[in-house]
Amino acid sequence: MAFPIIAAAISAIVSVVSSIGPAVANFCTQVLPKIVPILQKGIEFLKDIANVATQVGRVFGIFNKDETAENFGDRAIQAAEKNGTTLDQFDDFADYLDALRRFEFSPEQSEKIPLAQKIVAGLALAGRGLDEKLNTPEGTMGNLWPLVGAKPDYFTADKITAYLKLGQDVMSVVDYFEGKLGAGEALEVEDKLIELDKSAAPEKTDSAILADLCAAAAAVQSQVG
4 MAFPIIAAAI SAIVSVVSSI GPAVANFCTQ VLPKIVPILQ KGIEFLKDIA NVATQVGRVF
64 GIFNKDETAE NFGDRAIQAA EKNGTTLDQF DDFADYLDAL RRFEFSPEQS EKIPLAQKIV
124 AGLALAGRGL DEKLNTPEGT MGNLWPLVGA KPDYFTADKI TAYLKLGQDV MSVVDYFEGK
184 LGAGEALEVE DKLIELDKSA APEKTDSAIL ADLCAAAAAV QSQVG
C-alpha cells in the first residue's frame, strides 16, 4: 500500500534539496509544485520518475551505467551537509558530479535521509545535467519529470528521450500536455508528437496515437489542476 507524503515532509524536502545550490532551489520552486500531487499519492509513484530519470541520464551521459538519480541525490545532500559542497561552487556541472563521485559516502547517514528527499534531489540534478548537455535554459528539462508521474505507462524513458531530442521545443511539449497552448500551436505540436510516436510504432494508426496523446494530456492536466 502506498502512503501519501504529508505537507510537513514536503516542506522538509524543499529545505533539504534547496541546500544543494540555487539551480536546485529553482527546481523546488518551479517544478516541485507539479510533483507535489505525485508525492501525495505515495513514494512508489516517485520511484517511477526516478527510474526514468536514471535511464535518460545514462543515455545522455550524465550518469554512468551503475549510477542512479537517487544515489546522486543522496550524495549531493550528504556533501552539502558535511562539506558544504554545492552545485554553485562549480563552473562545470560534470565537475560537480565528479566531486560527488569522489565524496566519502556514508551508508549510515544515507539511512537517515528520507527516500523522497534523495529522489527529488536526484531529479533536480538530472534535469540540470540535461539542460547543460542539450544547451537549454536552466530549469527547462526538469519539467519533463512531472509528466512521468502523471502517466508512467505512457511517458517511458524512450519517449522522454525522444522529446529531449527536440531540444528547445521541450517546453512546448510540456505546455501541450499541460493544456497551456493556443489552438494553432497545440495542433502544430500535436502533429510533431504524432510523427514521433509513428516513427517509434509504425504499426499504430494516427487515430490510435492521437487517442493515447489525449489520454496522457488528460492525466497530466488532472494532476496539475
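Going from the sequence shown to our numbering is simple: count from 1 and add 3.
Beta carbons are placed, not taken as given, at the ideal position from N, Cα and C, and that holds for glycine.
Outcome for residue i when other beta-carbon atoms lying within 10 angstroms are tallied against a minimum of 16
i      : result
Cys31  : buried
Glu206 : exposed
Arg104 : exposed
Asp134 : buried
Asn67  : exposed
Gln120 : buried
Gln112 : exposed
Val19  : buried
Leu126 : buried
For residue i, the first and last residue of its enclosing alpha helix (DSSP H)
i      : result
Lys37  : Leu35 to Lys44
Ser202 : Ala186 to Ala203
Pro149 : Trp148 to Ala153
Ser22  : Per DSSP, Ser22 belongs to no alpha helix (DSSP H) and is neither H nor E.
Asn74  : Ala72 to Asn86
Gly130 : Leu118 to Leu137
Asp178 : Val173 to Glu181
Lys140 : It should be noted that the sequence gives Pro, not Lys, for residue 140. Element bounds for Pro140: n/a, residue is neither H nor E.
Asp95  : Looking at the DSSP string, Asp95 is not in any alpha helix (DSSP H), and its letter there is neither H nor E.
Tyr166 : Ala160 to Leu167
Rounded C-alpha distance that separates residue i from residue j
i      : j      : result
Ala153 : Glu193 : 19 Å
Ser175 : Thr88  : 34 Å
Leu49  : Ala186 : 32 Å
Tyr99  : Phe106 : 10 Å
Ala203 : Ile212 : 11 Å
Val17  : Ala11  : 10 Å
Ala218 : Ile52  : 19 Å
Ser21  : Ala28  : 4 Å
Lys195 : Leu184 : 14 Å
Asp156 : Lys44  : 16 Å
Phe75  : Arg131 : 13 Å
Asp69  : Phe108 : 15 Å
Tyr166 : Ala222 : 18 Å
Gly182 : Val173 : 14 Å
Pro36  : Leu42  : 10 Å
Ile13  : Val39  : 8 Å
Asn86  : Ala15  : 20 Å
Neighbourhood of residue i by C-beta, 8 Å cutoff - its chain only, sequence neighbours within 5 removed
i      : result
Ala160 : Asn54, Val55, Gln58, Val59 and Val62
Ile197 : Asp209, Ile212, Leu213 and Leu216
Lys168 : none
Pro25  : Leu90 and Asp91
Cβ neighbours of residue i in the same chain (closer than 6 Å, five flanking residues each side left out)
i      : result
Val177 : Asn146
Phe158 : Leu150 and Val151
Gly142 : Asn29 and Gln33
Ala220 : Phe180
Met4   : Annotation note: pLDDT 43 at Met4 (below 50); position unreliable, coordinate value reported separately. Answer for Met4: no residue qualifies.
Any non-hydrogen atom of the ligand ATP within 7 Å of residue i CB
i      : result
Val227 : Summarising the ligand content, the structure contains no ligands, and the ligand ATP is consequently not present.
Spatial neighbours of residue i in its chain, beta-carbon cut-off 7 Å, leaving aside the 5 residues before and after
i      : result
Ala189 : Tyr179
**OP:** Tell me, please, whether the region 113-124 touches the region 73-86 by the rule of three or more beta-carbon pairs shorter than 8 Å.
**Re:** Verdict: yes, contact present.
**OP:** Assess, as a yes-or-no matter, whether the region 32-40 is touched by the region 87-97 under the definition of 3 or more beta carbon pairs within less than 8 Å.
**Re:** Between the region 87-97 and the region 32-40 there are fewer than three inter-stretch CB-CB distances shorter than 8 Å, so the stretches are not counted as touching.
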